[in-house]
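Each residue of the sequence shown is one higher than the last, beginning at 163 in the working numbering. Where a beta carbon is used, it is the ideal one built from N, C-alpha and C, also for glycine. Everything numeric in this text was worked out from a predicted model, so none of it was measured. These notes concern the structure reproduced below.
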Amino acid sequence: MKEMGPGTWQDTLDDYFGDWNWRCITQLGQLTLRKLLEATKASMEHDRELRELEACIEMQMITEWQREISEWECDNSKCNPYEICVATITQASVQLELARAETSELEAGNDMSPHPEVLASTLISSGLEFEEQQRLLKIDTSSLGSHPTDNQLAKLQERANILKRRIDNWRSIQLLFMPCVAQLRDEDMQPGGVSCPTKLSEHEWKLCEAQAHEALRDLRHFLHLCTHLYKFKDTNVQGQVANTCAQTTINRTDHKVSTVAAKYHVARAALLILAPLLGKEGWEDTFRLLKDEDIHAMKDICEKESEDASEKENLHDALRIEWCKARARQLRWEEEKHLLQEEQRCILAFFDWQADWWMEQGTHRSFVDNTLEEGLQAYAARQSVLQWQLGVHFRGLWAAGAGRGIQSI
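Structure representation (structure tokens):
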């Protein structure tokens, strides 16, 4: 086989690149249509969830929260309405603390990381993130019901495949920090029978401790929310439609309670293993064993004539945060829908401009040879018509697809 010359090699690459660019342009119609339908569906779903939640909240409180959001968006130094007013240990704060400590080690020349780009804290935090994604995937799979659609199964399988590839890459880096893990994988030993550097254990302890704090905070938040929803439903909701909407909101909140409870169980189990290795004591007084019967909405508070001021404040915070997040999700998808519509408009405007541009190219050069001049004009006219046809095709595709999408939604 004869090797290509430099000129042929360059021409072949140009052909491949040109073909790929052309494919990207011609597939813009289907791509933007699919994204717009997804954004429209998500926008409608989150708008419905927001309206169902607002039906359980007094309008005066919503007006006050809208004012707080506007003030915070203008001045971020004010209280953030999306967060709990009481400060707690979070994974983000612990990660920042560990990152600063590792920065000091790097500046002092004491870095002993076996990987040039991954530090010890990054390895542990990534592992905890994968555990969280596995829990969410398991919960979403169990909530499908007995008759899931092919589309639902395909999306879950895609999530599982992506997660598995990320975990496989993470495990290859893990071997550099913990070589003894290879023995664990080969012999199928229990993780407790394999040791790892004390530094990694310390990092994992701090991150798991913060994870447990976050889980308890979120659990308290959602239980307060359930308290209000039950009280509002029993007191104000009448009729089948209103009861169905209120119960849907309660079920959605119960699902979140189960998610954060599972997160706490995993974090506490990790602390239980790490405590003897690091000599930690007294932590079980803070992170006690959480039983299923301990997780329930505080209905007894609703039945009292007078509530404690701190409980009222916690309930108010829970409602405000849940409403702010629901509103932010609805606005995010509404914005995504408008951005995609604007992108479609720009694509059509570009095709119109490109068609006019090609028509002008045919007369920009003058040649003595009339045959060559006519050929250039014919080529320019052909390209102009091609751009015009793409615009017509995309307009028809988007109009028909939008109609079918609205009917299916």
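- First and last residue of the uninterrupted alpha helix (DSSP H) at L199: Note, L199: alpha helix (DSSP H), L190 to E216.
- Could you tell me which of W332, L199 and H383 sits nearest to I483, measuring between CA atoms? Closest by alpha carbon: H383.
- Message: Tell me whether the stretch 285-298 and the stretch 360-367 touch, counting them as touching only if at least three CB pairs, one residue from each stretch, are closer than 8 angstroms.
- Response: Look at the beta carbons and you see the stretch 285-298 touching the stretch 360-367: at least three pairs across the two are nearer than 8 angstroms.
- Task: Decide if the stretch 236-244 is in contact with the stretch 317-330; the criterion is three or more beta carbon pairs, one per stretch, under 8 angstroms apart.
- Result: Touching, no.
- Message: Does the contact criterion of 3 or more C-beta pairs under 8 angstroms hold for the stretch 292-303 versus the stretch 410-421?
- Response: Result yes; three or more Cβ-Cβ pairs closer than 8 angstroms.
- Compute the beta-carbon to beta-carbon distance between L452 and L387, rounded to the nearest angstrom, for a pair I have assumed lies under 8 angstroms. Going by Cβ atoms, the distance from L452 to L387 rounds to 18 angstroms, so no, they are not a contact pair.
- Item | Nearest-angstrom Cα separation, counted from I335 out to K466 | Note that K466 scores 44 on pLDDT, short of 50, meaning its location in the model is unreliable and no value can be drawn from it.
- Query: In chain order, what residues of the same chain have a beta carbon less than 8 angstroms from the beta carbon of I457, not counting five sequence neighbours either side?
  - Reply: Only L381, L385, V419 and A423 meet the Cβ criterion.
- Query: Secondary structure at L559, three-state DSSP: helix, strand or coil?
  - Reply: Reduced to three states, the DSSP call for L559 is helix.
- Query: Hey, how far is the Cα of G563 from the Cα of L195?
  - Reply: A direct Cα-Cα distance of roughly 7 angstroms separates G563 from L195.
- Message: Considering only their Cβ atoms, is the gap separating K499 from A201 smaller than 8 angstroms?
- Response: Yes, these two residues count as a Cβ contact at 8 angstroms.
- Message: Rounded to whole angstroms, what is the Cα-Cα separation between Y541 and E505?
- Response: Their Cα atoms are separated by approximately 29 angstroms.
- Spatial neighbours of A511 within its chain, please: CB distance less than 7 angstroms, with the 5 preceding and 5 following residues excluded, ordered by chain position. Within the same chain, A511 has no close Cβ partners at all.
- Task: May I ask you to report which of helix, strand or coil DSSP gives L452?
- Result: Coil at L452, not helix or strand.
- Message: According to DSSP, is Y244 part of a helix, a strand, or is it coil?
- Response: Under the three-state reduction of DSSP, Y244 is assigned to coil, being neither helix nor strand.
- Item | Same chain, Cβ closer than 8 angstroms to L433, five either side skipped, listed in chain order | Around L433: W367, C370, E371, A374, K442, W445 and F449.
- DSSP state of I509, grouped into three classes? Helix, per DSSP.
- Task: Report back the beta-carbon spacing between Q409 and D209 to the nearest angstrom; my notes put them in contact at under 8 angstroms.
- Result: About 19 angstroms separates the beta carbon of Q409 from that of D209, a gap too long to meet the 8 angstroms contact definition.
- Item | Contacting residues, own chain, Cβ-Cβ under 8 angstroms from Q314 (five flanking each side not counted) | Here the set comprises L306.
- Tell me which same chain residues have a C-beta within less than 8 angstroms of the C-beta of T421, skipping the five on either side of it? Excluding the 5 residues flanking it on each side, T421 has same chain C-beta neighbours closer than 8 angstroms at R297, L298 and I301, in chain order.
- Backbone secondary structure at D237 - three-state DSSP: DSSP, read as helix, strand or coil, puts D237 in coil.
- Message: Quick test of your reading: D217 and C407, contact by CB under 8 angstroms. State the CB separation rounded to the nearest angstrom.
- Response: The displayed chain sequence assigns Ala, not Asp, to residue 217. Confirmed, Cβ separation roughly 6 angstroms.
- Quick one: measure Cβ to Cβ for T411 and E235, integer angstroms, because I've assumed they're closer than 8 angstroms. Between E235 and T411 the Cβ distance is about 26 angstroms, and since that is not below 8 angstroms, they are no contact.
- Taking the alpha helix (DSSP H) that S283 falls in, what are its first and last residues? For S283, the enclosing alpha helix (DSSP H) starts and ends at A282 to S304.
- Task: Look at the alpha carbon of S266 and the alpha carbon of M340, and state the distance between them as a whole number of angstroms.
- Result: Cα to Cα, the separation comes out at about 23 angstroms.
- Measuring CA to CA, which of E220, E230, Q172 and K197 is closest to L502? The residue with the shortest Cα to Cα distance from L502 is K197.
- Message: Going by beta-carbon coordinates alone, are L538 and F513 separated by less than 8 angstroms?
- Response: In this structure, L538 lies away from F513, with their beta-carbon atoms at least 8 angstroms apart.
- Starting from S334, trace the alpha helix (DSSP H) both ways and give me its first and last residue. Its alpha helix (DSSP H) spans residues D312 to F339.
- Message: Tell me which residues share the same chain as R333 and place their Cβ nearer than 7 angstroms to its Cβ, disregarding the 5 neighbours each side in the sequence.
- Response: Within the same chain, R333 has no close Cβ partners at all.
- Query: Out of curiosity, what's the CA-to-CA distance linking H555 and E211?
  - Reply: Using only the alpha carbons, I get a separation of about 36 angstroms.
- Message: So, for K240: in the same chain, excluding its five sequence neighbours on each side, which residues have a beta-carbon less than 6 angstroms away from its beta-carbon?
- Response: By the criterion of a C-beta distance shorter than 6 angstroms, K240 is surrounded in its chain by E233 and W234, once the five residues flanking it on both sides are discounted.
- Query: Helix, strand or coil: how does DSSP classify I412 here?
  - Reply: Of the three classes helix, strand and coil, the one that applies to I412 here is helix, per DSSP.
- Quick one: what does DSSP say D177 is sitting in, helix, strand or coil? For D177, the secondary structure class from DSSP, reduced to helix, strand or coil, is helix.
- Message: At the level of alpha carbons, what is the spacing between T252 and E376?
- Response: Each residue's alpha carbon lies about 6 angstroms from the other.
- Query: By how many angstroms is the C-alpha of E291 removed from the C-alpha of A561?
  - Reply: Taking the straight line joining both Cα atoms gives about 41 angstroms.
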